[in-house]
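Input: a single structure, listed below in structure tokens.
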Amino acid sequence: MTASARDLRLEDIGHVFGAVRALSRVSATLRGGDVVAVMGPNGAGKSTLLSILSGARSPTAGALHASGAPVARDLQAWRDQQGFLGHDTGLYGDLTARENLAFYRDLHAGHPGIGAAPLDDLSARFGLADFWDAQPVRQLSRGQLQRTALAKSLLTSPWLWLLDEPTAGLDLAHAALLACALTQHRAQDGIAVVATHEPAFAAAVATRLWVLHRGRLALDAPCPADETQLRAQLQDACAGGVS
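Under this note's numbering, think of the first position of the sequence shown as 36, with each following residue one higher.
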């Protein structure tokens, strides 16, 4: 499996927490240029799915393959190919935004993608200039923290970008910056998987729509660019179960 891989296959992915089945038989294939909006009610399994895709959690059933190779064979190599933003930003509170990104850049100094996205470029892409090196991130607003974490997730120029509720704390202007970054990622033949509760954002950025309902993939379809149509598909999928 190489960093140029652009094929990701989920094969009957399942996950159980004790007696709770969080995911059941989720199967799909992603290719370069796919931006997937993962939607569904709270508790549907969205965060669990992204955690499995990132390699942070192992499925209790099924397997994940990239270019035909199981990612479980070398989880570190798999993590090196992706950028992941979960609910925890992973930022160090006593460091500034610039210092945080510089720390993670140096931590991944041997990664072939490091340097392809210079820190100043990431700062400009997510609008970090006003607080870039002014104060420790523990003093930043929720939106400023989120934008810094988004920049961190692209430090290694990953081909797979995993985002769990990435618009949390963002105003409309900065959500638009994220949408532009996703469009650029898609144009570079990258894959993005975005868990979101926001139909308007999903309609603006996604090429595919996954609806999870009670741990099952109830819908896998082209994502409509019309928010009203997307809402209708989301409602129908959750009402009807697995299609």
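Even for Gly, the Cβ is constructed at its ideal location relative to N, Cα and C. Given the structure is predicted, the values throughout are model-derived calculations rather than measurements.
Handout entry: R56 to E200 span [Cα, whole Å]
Key = Reading the sequence shown from its first residue, position 21 is the one you call residue 56. Reading the sequence shown from its first residue, position 165 is the one you call residue 200. Between R56 and E200, the C-alpha separation is close to 22 Å.
Practice task
Would you give the residue range spanned by the alpha helix (DSSP H) that V306 belongs to?
Solution key: Given that the chain is displayed from residue 36 to residue 278, the structure contains no residue 306 and the question cannot be resolved.
Practice task
May I ask which residues mark the beginning and end of the beta strand (DSSP E) holding F166?
Solution key: Sequence index remark: in the sequence shown, residue 166 carries index 131 (1-based). Looking at the DSSP string, F166 is not in any beta strand (DSSP E), and its letter there is neither H nor E.
Practice task
Note down, in chain order, each residue of its chain lying with its Cβ closer than 8 Å to the Cβ of M74, except the 5 sequence neighbours on either side.
Solution key: Translated into the one-based positions of the sequence shown, residue 74 becomes position 39. Closer than 8 Å at the Cβ level, and outside the excluded window around M74, lie K81, A230, T231, H232, P234, A237, L244, W245, V246, L247, L269.
Exercise for the section: Kindly indicate which residue of R92, T95, R133 has the alpha-carbon position closest to the one of K187. Expected result: Here residue 187 refers to the residue found at position 152 when the sequence shown is read from its first residue. Of the listed residues, the one whose Cα sits closest to K187 is R133.
Handout entry: Local conformation of W194 per DSSP, three classes
Key = Along the sequence shown, read from residue 1 onward, the residue named residue 194 stands at position 159. Coil.
Exercise for the section: Give every residue of the same chain whose Cβ lies closer than 7 Å to the Cβ of A272, excluding the five residues on either side of it in the sequence, and list them in chain order. Expected result: As a position in the sequence shown, residue 272 is number 237, starting the count at 1. Excluding positions up to five away in sequence, the list reads V246, H248, A253, L254, S278.
Practice task
Would you kindly check if the distance between the Cβ of G162 and the Cβ of H181 is under 7 Å?
Solution key: In the sequence shown, counting from the first residue as 1, residue 181 sits at position 146. In the sequence shown, counting from the first residue as 1, residue 162 sits at position 127. The question names His, yet the displayed sequence has Gln at residue 181. Result no, Cβ atoms of Q181 and G162 do not sit closer than 7 Å.
Handout entry: Nonlocal neighbours in the same chain, by C-beta distance under 7 Å from A267, ignoring five residues either side
Key = Stepping through the sequence shown from its first residue, residue 267 is reached at position 232. Hits under 7 Å: none found.
Practice task
Inspect the beta-carbon positions of L217 and A227 and report whether they are closer than 7 Å.
Solution key: Counting from one through the sequence shown, the residue named residue 217 turns up at place 182. Counting from one through the sequence shown, the residue named residue 227 turns up at place 192. It is a contact, given that the beta carbons lie within the stated cut-off.
Handout entry: Under the three-state DSSP convention, the category S93 falls into
Key = One-based indexing of the sequence shown puts residue 93 at position 58. Coil.
Practice task
Quick one: grab the DSSP three-state call for L85.
Solution key: Taking the first residue of the sequence shown as 1, we reach residue 85 at position 50. Residue state, collapsed to three classes: helix.
Handout entry: Beta-carbon spacing of D281, G78 below 7 Å
Key = Here the chain comprises residues numbered 36 to 278, so residue 281 is not present and cannot be evaluated.
Problem - N- and C-terminal bounds of the beta strand (DSSP E) containing Q117 - result: As a working mapping, residue 117 is identified with position 82 in the sequence shown. Element bounds for Q117: 117-120.
Handout entry: Closest Cα partner of Q111 within the set S176, S89, T183, G97
Key = Residue mapping note: residue 111 aligns to position 76 of the sequence shown, counting from 1. Measuring from the Cα of Q111, the nearest candidate turns out to be S89.
Exercise for the section: Please report how far the alpha carbon of G275 lies from the alpha carbon of R251, in whole angstroms. Expected result: Taking the sequence shown and counting its residues from 1, the one referred to as residue 275 is at position 240. Taking the sequence shown and counting its residues from 1, the one referred to as residue 251 is at position 216. G275 and R251: Cα-Cα distance of roughly 12 Å.
Exercise for the section: With DSSP collapsed to three states, give me the class of M36. Expected result: Indexing the sequence shown from 1 puts residue 36 at position 1. Per-residue confidence for M36 stands at a pLDDT of 35, beneath the threshold of 50, marking its modelled position as unreliable; no derived number is given.
Problem - Cross-strand partners of T64 (DSSP beta bridge) - result: Counted from its first residue, the sequence shown places residue 64 at position 29. Partner(s): R44.
Handout entry: Coil, strand or helix - L205 by DSSP
Key = Sequence index remark: in the sequence shown, residue 205 carries index 170 (1-based). Three-state result, L205: coil.
Practice task
Within 10 angstroms of the Cβ of T191, are there 16 or more other Cβ atoms? Answer buried if so, exposed if not.
Solution key: Along the sequence shown, read from residue 1 onward, the residue named residue 191 stands at position 156. With 16 or more other Cβ atoms within 10 Å, it is buried.
Problem - Residue from Q174, R114, Q116 with nearest C-alpha to L130 - result: Start at 1 with the first residue of the sequence shown, and residue 130 comes out as number 95. Residue Q174 is the option with its Cα nearest to L130.
Handout entry: Start and end residues, beta strand (DSSP E) containing D261
Key = By one-based count along the sequence shown, residue 261 stands at place 226. That residue, D261, is in no beta strand (DSSP E); it is neither H nor E in DSSP.
Exercise for the section: Under 8 Å by Cβ, that's how I've got L136 and L154 pegged, so tell me the actual separation to the nearest angstrom. Expected result: Here the question's residue 136 lines up with position 101 in the sequence shown. Here the question's residue 154 lines up with position 119 in the sequence shown. Between L154 and L136 the Cβ distance is about 5 Å, and since that is below 8 Å, they are a contact.
Problem - Whether G103 touches I48 by CB criterion (7 Å) - result: As a position in the sequence shown, residue 103 is number 68, starting the count at 1. As a position in the sequence shown, residue 48 is number 13, starting the count at 1. No. Outside cutoff.
Practice task
Would you mind sorting S93 into buried or exposed? The rule is 16 or more other CB atoms within 10 Å of its CB.
Solution key: Translated into the one-based positions of the sequence shown, residue 93 becomes position 58. S93 comes out exposed.
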